[in-house]
Amino acid sequence: MPLPVARIQHLNNDTGPQQTSLRTNSQNSTEATREQVMPSFRPNKENKISKANRPRTRLCDRRLAKMQDAKGSSKFVLRTKKRSLSERNPDLALKISQMRLTVAPIVHVRTGIPAPDYPSIMLSLFALTEAQLDGLAEYYSQSHTPTELTYKYPTTMDWSKPILQNDPTQPEDCKLTDIERLKIKMRLFARFIGMRGADTPLWEHERAIEILGNKIGHSVRQEKEDTLQAKGYRGLTRY
């Protein structure tokens with residue numbers, strides 16, 4: 001005999017405390033499982049993917065790992081520790097250690113005090129400007145005009161070389177550029193303080209010969225122009 005409709009609704013509404021507790025336990029276990037599978041951390045705003053628990057590895061390490069896996073060899077271990085400069089670039093580390101070497105001071109023959117701009121380390125030597133080098137040559141009496149103190153030092157700077165002259169009236173191809181003149185003055189000062197490897201390089205000889213040839217050619221052209229102007233030559237006459 002079928003039950004009345006009112007009885008069926010009463011049975012559906014009457015869940016009871018036991019059924020309520022079972023439903024609560026089921027919901028708690030489902031939420032715990034979901035938290036284990038998908039941990040809750042803040043996602044990225046752009047792609048909605050969290051990057052909080054990802055290991056920070058370099059791009060080159062990841063590419064090396066893929067190459068090792070493709071070759072079928074042993075799995076490459078990703079390196080997250082930063083290597084030292086001597087491991088990454090030994091040549092650069094050696095050059096930096098050389099730039100930190102101290103330079104023995106050259107004192108004045110009368111005062112016994114080094115120049116104010118005298119470099120204390122190798123890096124300071126290569127950072128000198130042309131004005132500072134000229135000041136050092138003047139301090140140690142090595143400028144263009146020799147004095148009685150010029151030859152009191154172990155060697156001279158030879159600052160009076162014709163190639164070092166910066167005459168503004170000369171054409172650009174008849175004199176050194178600013179960087180070339182700075183290199184030569186720095187080499188002469190390095191030789192003055194006793195550094196090794198400060199001999200005259202080959203390019204300096206070749207450049208001096210080139211400038212001398214340009215000066216001769218410019219002088220010949222200038223002489224021809226002066227001769228033509230003196231004769232009053234104005235071109236061919238019209239017939």
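Using UniProt numbering, read the sequence shown as starting at 1 and increasing by one per residue.
Built from N, CA and C at the ideal position, the CB exists for glycine as well.
To the nearest whole angstrom, what separates the beta carbons of residue i and residue j, a pair I think is in contact under 8 Å?
i: residue 121; j: residue 157; result: Between residue 157 and residue 121 the Cβ distance is about 21 Å, and since that is not below 8 Å, they are no contact.
i: residue 174; j: residue 215; result: 5 Å
i: residue 141; j: residue 149; result: 4 Å
i: residue 101; j: residue 118; result: The Cβ separation is near 15 Å, so there is no contact.
For residue i, list the residues DSSP reports as bridge partners.
i: residue 107; result: 114
i: residue 102; result: 121
Indicate the three-state DSSP secondary structure (helix, strand or coil) for residue i in the structure shown.
i: residue 147; result: coil
i: residue 121; result: strand
i: residue 227; result: helix
i: residue 217; result: helix
i: residue 86; result: helix
i: residue 208; result: helix
i: residue 175; result: coil
i: residue 61; result: helix
i: residue 273; result: Past the boundaries of the shown model lies residue 273; the chain is included only from 1 to 239, so the question cannot be answered.
i: residue 222; result: helix
i: residue 67; result: helix
Find out if the Cβ-Cβ distance for the pair residue i, residue j is shorter than 9 Å.
i: residue 185; j: residue 133; result: yes
i: residue 124; j: residue 107; result: no
i: residue 192; j: residue 153; result: yes
i: residue 168; j: residue 187; result: no
i: residue 213; j: residue 155; result: no
i: residue 163; j: residue 211; result: yes
i: residue 181; j: residue 130; result: yes
Can you tell me where the alpha helix (DSSP H) with residue i in it begins and where it stops?
i: residue 90; result: 90 to 99
i: residue 132; result: 130 to 139
i: residue 180; result: 178 to 192
Answer yes or no: does any C-beta atom of chain C fall closer than 9 Å to that of residue i?
i: residue 197; result: Of the protein chains in the structure, only one exists, and it is not chain C.
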